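Take a look at the structure below.
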Amino acid sequence: MKLQANNLTIRAQIVSAIQEDIFSNRKVGDKLPSEADYADYFGVTRSTVQKALKDLQRMNLIQKVQGKGSFVHQTQPKVRLFNFKGFTDYAKQIGANPVSKVIKQKKVTHDGNKVLSLKRLRLFETNGKLTPITLDESEINLRDFPKIDKNDFEKKSLYQVIRDDYHVIPSTTILHMSAVKADDATANLFGCNVGDPLLRATGVVHDESGKVIEQVKVTYSDFTEFDLTLGI
253 MKLQANNLTI
263 RAQIVSAIQE
273 DIFSNRKVGD
283 KLPSEADYAD
293 YFGVTRSTVQ
303 KALKDLQRMN
313 LIQKVQGKGS
323 FVHQTQPKVR
333 LFNFKGFTDY
343 AKQIGANPVS
353 KVIKQKKVTH
363 DGNKVLSLKR
373 LRLFETNGKL
383 TPITLDESEI
393 NLRDFPKIDK
403 NDFEKKSLYQ
413 VIRDDYHVIP
423 STTILHMSAV
433 KADDATANLF
443 GCNVGDPLLR
453 ATGVVHDESG
463 KVIEQVKVTY
473 SDFTEFDLTL
483 GI
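In the working numbering, the protein residues as written are 253 to 484.
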């Protein structure tokens, strides 16, 4: 297979190609070609293949068995999100394109304050396929961030605008996690069934001085997994 000279790295193109093969042609438990076979097929070194396979492991798509090779673990992408600001970086790491679709963007009044009410569907695109990851709902006080509502948040990152245009650094967040059931609207956006269990984070984001800069609600699709490390 000849890899393309484009804006994706060789490693990302290999990840994308193996993903497509898994999604389209494989079932759980299937053994994948060896590292040497992949290296010959893609015309790259084994070390490059090994790095691509590690990316697929992190996505929980494959499982490596010592001495036996790599096997399909699941045929739908499961995305591990570690923090709010990692969405774009993680997408690039696994060879996906981060996509935002604005569901709602308007000015509203809460407790006498004019705020931007923003709802976005966040997705990963791989090989032309879109996978819904989160539904993000934000409220930003327009007194603190005047004219922020004029931005196109399908093309711009909210936090990048806050940092670059207003010189405010989102720093910490306090969240409440809860289990919810998918309603009609959310099920339609995520492509799941009404009543399916989902996870939701609700809370506030502070800047470096401790001031609240955003009210946030994030609903995670069933393509998302979490890793937690806790002290006991």
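Yeah, the Cβ is synthetic: ideal placement off N, Cα and C, and Gly gets one too. This one's a predicted model, so the numbers in the text were calculated from it and none came from an experiment.
What residue range is occupied by the uninterrupted alpha helix (DSSP H) comprising L305?
R298 to R310
Give me, in chain order, the residues of the same chain whose beta-carbon lies closer than 7 Å to that of A348; leave out the 5 immediate sequence neighbours on both sides.
F376, E377 and T378
Determine whether the beta carbon atoms of D363 and R374 lie at a separation below 8 Å.
no
Kindly give me the distance between the Cβ atoms of V296 and I270, rounded to whole angstroms, as I take these residues to be in contact under 8 Å.
Not quite, the Cβ-Cβ distance comes to about 12 Å (not below 8 Å), so this is no contact.
With a CB to CB cut of under 6 Å and the five nearest residues on each side skipped, what residues in its chain are close to L427?
A453 and G455
Do you know how far the Cα of V468 is from the Cα of D459?
14 Å
Beta-carbon spacing of R278, V317 below 8 Å:
no
At what residues does the beta strand (DSSP E) containing Q485 begin and finish?
With the chain running from 253 to 484 in the structure shown, residue 485 is simply not present.
CA-CA distance, V446 and A291?
44 Å
Between which two residues does the beta strand (DSSP E) carrying V267 extend?
Here V267 belongs to no beta strand (DSSP E); instead the alpha helix (DSSP H) covers I262 to N277.
Out of curiosity, what's the CA-to-CA distance linking A431 and K283?
35 Å
Could you please give the first and the last residue of the uninterrupted beta strand (DSSP E) stretch that includes T438?
Looking at the DSSP string, T438 is not in any beta strand (DSSP E); the run it does join, the alpha helix (DSSP H), is D436 to F442.
So, under 8 Å CB-CB, Y418 and L451 are touching, yes? Tell me the CB distance rounded to an integer number of Å.
Between L451 and Y418 the Cβ distance is about 30 Å, and since that is not below 8 Å, they are no contact.
Given E391, which residues of its chain have a CB within under 6 Å of its CB, disregarding the five upstream and five downstream residues?
V367, S369 and Q467
According to DSSP, is V446 helix, strand or coil?
coil
Please classify M429 as buried or exposed, where buried requires at least 16 neighbouring CB atoms within 10 angstroms.
exposed
Would you call P384 buried or exposed, if buried means 16 or more other Cβ atoms sit within 10 Å of its Cβ?
buried
Give the secondary structure of F397 by DSSP, where H, G and I count as helix, E and B as strand, and everything else as coil.
coil
Which word fits Y411, buried or exposed, when buried means at least 16 other C-beta atoms lie within 10 angstroms of its C-beta?
buried
Using CA coordinates, which residue listed in T340, T476, T425 and V470 is at the minimum distance from A461?
A small fix is needed here, since residue 461 is Ser in this sequence, not Ala. The shortest C-alpha separation from S461 is found at T425.
Can you tell which of K381, I414, S322 and T300 has the C-alpha that lies nearest to the C-alpha of Q309?
S322
Neighbour-count burial assignment, T438, 16 or more Cβ in a 10 Å radius:
buried
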